[in-house]
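Residue numbers -21 to -1, 1 to 297, in mature numbering (1 follows the signal peptide of the UniProt record, and there is no 0), belong to the letters of the sequence shown in order. We put the beta carbon where it would ideally sit given N, CA and C, even for glycine. It should be emphasised that the depicted structure is a prediction, and the values quoted were computed from it without experimental measurement. One structure is given below, encoded as structure tokens.
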Amino acid sequence: MNFKYKTLLAFYTLFIIFTHAQQLKNGNFTETIDGISINYTIKGNGPVMFVGHPNSGKIGYELTLQPLEEQFTMVYYDSRGTGKSAVPKKIEDYNLEKSVVEIEELRKKLNIDKIWFFAHSDQSGIAMLYSLEHPNHVEGMILTGTSLIASPEDIYSRKKESENKRIKESEWFSQILKDWDYMYTNKTEKAPDGRDLSEAPLKWWCYDEESSKKIIPIMKEISKAGRRKPVNGQMPQAEKMIEYYYNQQKKFLQIKTKTLILNGKADTNNLPEFAEQLHKTLPNSKLVFIEKAGHFPWVEDAAQSFAEIEKWLEEIKF
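Encoded structure:
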């Protein structure tokens, strides 16, 4: 190899490294993704991990995932219509396929070949849909607050069954459900004894009163930043998304991505048996339950959750 060719090759390599570093410098940025202005924040160092949520954006994760910034370059992004990101022009642009396009276009903008996911609740489904469509661009996934969902006709009866099971296990949860029912039926946020009932819907997602006190301040910050906004006064139809996702999840056996499923044992929305179903469906997954947690294990019991994540990363030789 002659000197001129070596010099050009070295310059080209340095240019790629420099460009890559520039794109992934820490800070807050806005890019046009799929024709929509998307806001995102980059923090930390290491392999790139995407974090966001189609309904609540990025702020809740920025406030609670700092331990991962020591090992990953975290890309916290406001999905379309949330936080500082723009609202799409058409209601159809809120569908799940578009959420996958959003991630892929952002990956390309950042010039990253492989990404990781920390995905919670609805975003776990989007991460799996992305892995189905772009398997060569996903290095690993941490999924939490998730499971296989019921069929569209059974999804609401499953919720009722889950509630009934938790009522038997927890007096605290039983009272929360009574408070929520009273608030809804009587259109009031005050109980007959004067108690404030306004936080009952948020507590429904939690393990107990102590863990709810960790979650509620985060939820308030999410509301301040801005949840998904309507398009011309309309919100997307949940039934259509559920039907699409239910049909797509039948293909999840094809997902070979290294996956940690980290669920709260008391997640009313995703009981352990349904998380087990997802674990058995994903061939390269590990399932861990956090005993004293509901839908937000890494916040409700941060010490155990991040210890389990660290253990899994060592197991997969991260």
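Item: Chain C contact for D101 (CB, 8 Å cutoff); Value: Considering every chain present, this structure includes no chain C. It has just one protein chain.
Item: Inter-residue spacing [alpha-carbon to alpha-carbon] between I82 and Y109; Value: 8 Å
Item: S103 versus L122 - alpha carbon distance; Value: 5 Å
Item: Helix, strand or coil at S16 according to DSSP, with G and I counted as helix; Value: strand
Item: Any beta strand (DSSP E) of 3 or more consecutive residues that is wholly inside the segment 30 to 78; Value: 52 to 57
Item: Whole-angstrom distance between W151 and I15, CA atom to CA atom; Value: 43 Å
Item: Reference A217; option with closest CA among D101, A170, K166, H116; Value: D101
Item: Residue(s) in a DSSP beta bridge with W95; Value: M28, G119
Item: Helix, strand or coil at D246 [DSSP, three-state]; Value: coil
Item: Beta-carbon proximity check, G119 vs H99, cutoff 8 Å; Value: no
Item: Continuous beta strand (DSSP E) stretch holding F268: start and end; Value: 264 to 269
Item: Length of the line joining the Cα atoms of E200 and G36; Value: 11 Å
Item: Chain-order list of residues whose beta-carbon lies under 6 Å from that of I91 (same chain, five-residue window excluded); Value: V27
Item: Simplified DSSP state of T(-9), which is helix, strand or coil; Value: For T(-9), the predicted model reports a pLDDT of 46, less than 50, meaning its position is unreliable; a value from the coordinates is still stated below. Of the three classes helix, strand and coil, the one that applies to T(-9) here is helix, per DSSP.
Item: Three-way DSSP call (helix, strand, coil) for residue 341 in this model; Value: Nothing can be reported for residue 341, as the shown portion of the chain is limited to -21 through 297.
Item: Through-space distance from I17 to P67, alpha-carbon basis; Value: 10 Å
Item: S126 to M107 span [Cα, whole Å]; Value: 11 Å
Item: Contact set for Y225: own chain, Cβ-Cβ below 7 Å, skip 5 residues either direction; Value: I128, S130, P131
Item: Pair within 8 Å by beta-carbon distance, N24 and T52; Value: yes
Item: Where N211 falls: helix, strand or coil (DSSP); Value: coil
Item: L250 versus F96 - alpha carbon distance; Value: 22 Å
Item: N- and C-terminal bounds of the alpha helix (DSSP H) containing L156; Value: 150 to 165
Item: Residue interval of the alpha helix (DSSP H) (run including F275); Value: F275 -> no alpha helix (DSSP H), and no H or E assigned at all.
Item: Alpha-carbon to alpha-carbon, Y163 and S177; Value: 10 Å
Item: Inter-residue spacing [alpha-carbon to alpha-carbon] between E48 and K237; Value: 20 Å
Item: Rounded C-alpha distance that separates K192 from F275; Value: 12 Å
Item: I234 versus R59 - alpha carbon distance; Value: 26 Å
Item: Touch test, the segment 239 to 246 against the segment 258 to 277, Cβ-Cβ under 8 Å, three pairs minimum; Value: yes
Item: Pairwise C-alpha distance: E289 and K265; Value: 13 Å
Item: Beta-ladder partner(s) of G104, from DSSP; Value: DSSP lists no partner for G104.
Item: Selection from S141, V79, D280, V80 that minimises the alpha carbon distance to S190; Value: D280
Item: Whole-Å CB distance - L111 paired with K230, under 8 Å assumed; Value: 6 Å
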